[in-house]
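Peer 1: One structure is given below, represented as structure tokens, and several questions about it will come after.
Residue numbers (my numbering): 167 to 482.
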């Protein structure tokens, strides 16, 4: 068993956001910092030619079937191509079929894959992988948020994934939010193989940049949350009764399935107008329900790229 060092997107419905009260003057929008009356200014990007939605590539869609339903994970080749390919390989090998989520800690993570089975002690077909923790900012399209963050100089999004940058702005990494999927490992940063976890609680941001994130749940987070929990005070949350563990019935890559048997999804582009408007609506809550107006601040974990069933499937 590889216990994740203890030193998760959930699905966001595309619903109407609160209207914004920000004020635009000469291409500049004014917002107010939570702890100050000094306006914070940000330029409005040029969204010309950027569509609101992008299709999820079926080759990047990992489908985990558990007893409660289907969990859809978008793999992130932009940050962890080797880990994403390992999950594709293991799924195609049928490695995960019949294994379980054997370590599930409420408010933290659900961990599955290698586990403690006798045939998991040595897995020469899955040699350990070098950690893939950050990428050059020049290699991705990072869209920043204007709000301060406790764990990084700046946060924002890459392809729907909540992400962060360093102070120089030349390095980017995905951050741990609910629904984040990453590879477990030992103390050695380069010891991941086929044991993964899904964040199910408040984002454990202290794991950013030291664990390899290779995907995020884009549908079926309710099925992840339904997994049986272990006791975190006993063997670090491992469920001792193997019969009480939730089984991974199957793991498949969508592109390997007949088109009629595979769901298709679209993710709102996080570098486009629609997502920009959605962030501002969420940041500036002006609905009558808020008799006390919240500060105009939103965390990146609270705003992953919204997901919907692909329009082509809705038309069928």
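We put the CB at the ideal spot given by N, CA and C, even for glycine.
(1) Pull up the distance between the alpha-carbon of residue 373 and that of residue 458, whole angstroms please.
(2) For a test of your reading of the model: does the CB of residue 337 fall under 7 Å from any non-hydrogen atom of the ligand HEM? Yes or no.
(3) Return the Cβ separation of residue 393 and residue 275 in integer angstroms, given the expectation that the two are a contact with Cβ distance under 8 Å.
(4) So, are the CB atoms of residue 433 and residue 475 less than 8 Å apart?
(5) Do residue 324 and residue 299 count as a contact pair if the criterion is CB distance below 8 Å?
(6) Residue 367 to residue 343, Cα distance in whole Å?
(7) Does residue 331 pass the burial test, meaning 16 or more other C-beta atoms within 10 Å, or should it be called exposed?
(8) DSSP three-state call for residue 357: helix, strand or coil?
(9) Measure the alpha-carbon distance for residue 253 versus residue 277 and round it to whole angstroms.
(10) By the DSSP assignment, the alpha helix (DSSP H) with residue 397 in it spans what residues?
(11) Exposed or buried, which one is residue 462 when buried takes at least 16 other CB atoms within 10 Å?
(12) Can you say whether residue 304 is buried or exposed, counting buried as having 16 or more other CB atoms within 10 angstroms of its CB?
(13) Roughly how far, in whole angstroms, is the beta-carbon of residue 356 from the beta-carbon of residue 296, given that I think they are within contact range, below 8 Å?
(14) Under the assumption that residue 405 contacts residue 232 (Cβ atoms under 8 Å), give the Cβ distance between them as a whole number of angstroms.
(15) On the DSSP bridge assignment, give the partners of residue 250 in chain order.
(16) With the cut-off set at 8 Å, would you say residue 347 and residue 380 are in Cβ contact?
Peer 2: To lay it out plainly:
(1) Between residue 373 and residue 458, the C-alpha separation is close to 34 Å.
(2) Looking at this structure, you won't find the ligand HEM or any other ligand, since it has none at all.
(3) Rounded, the Cβ-Cβ distance is 10 Å, inconsistent with contact.
(4) In this structure, residue 475 does not lie closer than 8 Å to residue 433 by Cβ.
(5) Taking 8 Å as the Cβ cut-off, residue 299 and residue 324 do not qualify as a contacting pair.
(6) Rounded to whole angstroms, residue 367 to residue 343 spans 8 Å at the Cα level.
(7) Buried is the call here.
(8) Of the three classes helix, strand and coil, the one that applies to residue 357 here is coil, per DSSP.
(9) So the two alpha carbons sit approximately 14 Å from each other.
(10) Unbroken run through residue 397: none, as it is neither H nor E.
(11) Buried: at least 16 other Cβ atoms inside 10 Å.
(12) The residue is exposed, with fewer than 16 neighbouring Cβ atoms inside 10 Å.
(13) Indeed, because the Cβ distance is near 5 Å, the residues count as touching under 8 Å.
(14) 14 Å between Cβ atoms; not a contact.
(15) In the DSSP assignment, residue 250 is bridged to no other residue.
(16) Result yes, Cβ atoms of residue 347 and residue 380 sit closer than 8 Å.
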